[in-house]
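Numbering (the working numbering), first residue to last: 10 to 328.
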């Protein structure tokens, strides 16, 4: 029977989402920062899903780029657009792409899984770079500021509109992923890491379970990519480069994969360090992030979420 008591990590997640809603009203420059944190957190939720199965994708930026370019192509070739339409198209296109790629990659495990994802991602990046007539190459495609349900906004108001749209999607995605992980399907996904052979003996196809998780992960990546493209008003091939995939894995490790909120905890730490370090130490922000990751690995191998969980257990043990 489930306890009615709210878990400490869930409490922290609720506080984080409330801060995301209120803080930008006090400091307007934080609106874009929090929108990026939420959007990237949505992408990293997909990475955390795959980590439950013991698989690391080094090419997940391909779905991030797919979502971004879906919005960009619509703006360039169709014109206009709505936030809801962009997000729906970005998510669905990425999910379909994820299904196609997933049919190949779910046959493999561990380093082969990661490298095959990387290979697909670099193929997409090369196409975005070389097909200049359609993609503008390295310059990317500008994403026009979309309306919301037919309503247009000034740039000052729009930054809050996209923030709260991102917040709404982030809350729904966070809740949905955590419920998924706690469901029988989520337990089967974890079983791939624990004992895949036993899962097969029980009559469950490990490939099918992993494929479902992979498509959901791609869907989340596409939504996150669409949101970032709307916030930054541009989509470039860099969105699909291997360093972007590494960034998402970095964030997942930083936040921790034992709970869905790890995606947002890691994204918040990553973006805040980059935002302020780039402003004051422009040439060394990567060094600072590297030091932060080393400290996390040494003292909190389960990420920031692991710190909170360990503190909660120690507090309970003291009573």
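All C-beta atoms in this analysis are idealised placements derived from N, C-alpha and C, irrespective of residue type, glycine included.
Whole angstroms is fine: what's the gap from residue i's alpha carbon to residue j's?
| i | j | result |
| --- | --- | --- |
| residue 201 | residue 219 | 8 Å |
| residue 128 | residue 194 | 28 Å |
| residue 227 | residue 233 | 10 Å |
| residue 176 | residue 158 | 17 Å |
| residue 278 | residue 303 | 14 Å |
| residue 82 | residue 150 | 8 Å |
| residue 32 | residue 43 | 9 Å |
| residue 124 | residue 253 | 15 Å |
| residue 104 | residue 155 | 22 Å |
| residue 241 | residue 16 | 35 Å |
| residue 171 | residue 239 | 8 Å |
| residue 285 | residue 168 | 20 Å |
| residue 258 | residue 294 | 18 Å |
| residue 164 | residue 189 | 37 Å |
| residue 134 | residue 109 | 17 Å |
| residue 270 | residue 18 | 7 Å |
| residue 11 | residue 306 | At residue 11, the pLDDT of 42 sits below 50, so the modelled position is not reliable; the number obtained from the coordinates is stated separately. Roughly 32 Å between the two C-alpha positions. |
| residue 29 | residue 292 | 28 Å |
| residue 186 | residue 272 | 11 Å |
| residue 199 | residue 62 | 5 Å |
| residue 118 | residue 64 | 7 Å |
| residue 116 | residue 71 | 19 Å |
| residue 207 | residue 180 | 34 Å |
| residue 282 | residue 276 | 10 Å |
| residue 191 | residue 315 | 18 Å |
| residue 215 | residue 78 | 32 Å |
| residue 256 | residue 36 | 27 Å |
| residue 26 | residue 39 | 14 Å |
| residue 24 | residue 178 | 16 Å |
| residue 205 | residue 213 | 10 Å |
| residue 236 | residue 41 | 11 Å |
| residue 138 | residue 246 | 6 Å |
| residue 210 | residue 196 | 15 Å |
| residue 97 | residue 140 | 25 Å |
| residue 146 | residue 132 | 14 Å |
| residue 20 | residue 267 | 15 Å |
| residue 101 | residue 217 | 19 Å |
Any idea what DSSP makes of residue i, helix, strand or coil?
| i | result |
| --- | --- |
| residue 188 | helix |
| residue 156 | strand |
| residue 197 | helix |
| residue 212 | coil |
| residue 40 | helix |
| residue 126 | helix |
| residue 88 | coil |
| residue 61 | helix |
| residue 162 | coil |
| residue 310 | coil |
| residue 18 | helix |
| residue 78 | helix |
| residue 6 | Given a span of 10 to 328 for the chain in the structure shown, any question on residue 6 remains unanswerable. |
| residue 283 | helix |
| residue 173 | helix |
| residue 117 | coil |
| residue 293 | coil |
| residue 315 | helix |
| residue 25 | helix |
Per the DSSP calculation, residue i is bridged to which residue(s)?
| i | result |
| --- | --- |
| residue 243 | 151 |
With a cut-off of 8 Å on the beta carbons, I'd call residue i and residue j a contact; round off their distance for me.
| i | j | result |
| --- | --- | --- |
| residue 59 | residue 308 | The Cβ separation is near 25 Å, so there is no contact. |
| residue 126 | residue 76 | That belief does not hold up - the Cβ atoms of residue 126 and residue 76 are roughly 16 Å apart, past 8 Å. |
| residue 92 | residue 229 | Contact doesn't hold; Cβ gap of about 17 Å is too wide. |
| residue 57 | residue 261 | 6 Å |
| residue 174 | residue 84 | At roughly 17 Å, the Cβ-Cβ gap does not stay under 8 Å, so residue 174 and residue 84 are not in contact. |
| residue 299 | residue 265 | About 18 Å; that fails the 8 Å criterion. |
| residue 396 | residue 55 | No answer is possible for residue 396: the residues shown for the chain start at 10 and end at 328. |
| residue 74 | residue 248 | 4 Å |
| residue 130 | residue 251 | 6 Å |
| residue 122 | residue 114 | 6 Å |
| residue 244 | residue 80 | 7 Å |
List the endpoints of the continuous alpha helix (DSSP H) containing residue i.
| i | result |
| --- | --- |
| residue 114 | 92 to 114 |
| residue 254 | 251 to 264 |
| residue 142 | 141 to 144 |
| residue 66 | Note, residue 66: premise wrong, no alpha helix (DSSP H); not H, not E. |
If you measure from the CB of residue i, is any heavy atom of the ligand FMN nearer than 7 Å?
| i | result |
| --- | --- |
| residue 84 | Looking for the ligand FMN in the displayed structure turns up nothing, as the structure carries no ligands at all. |
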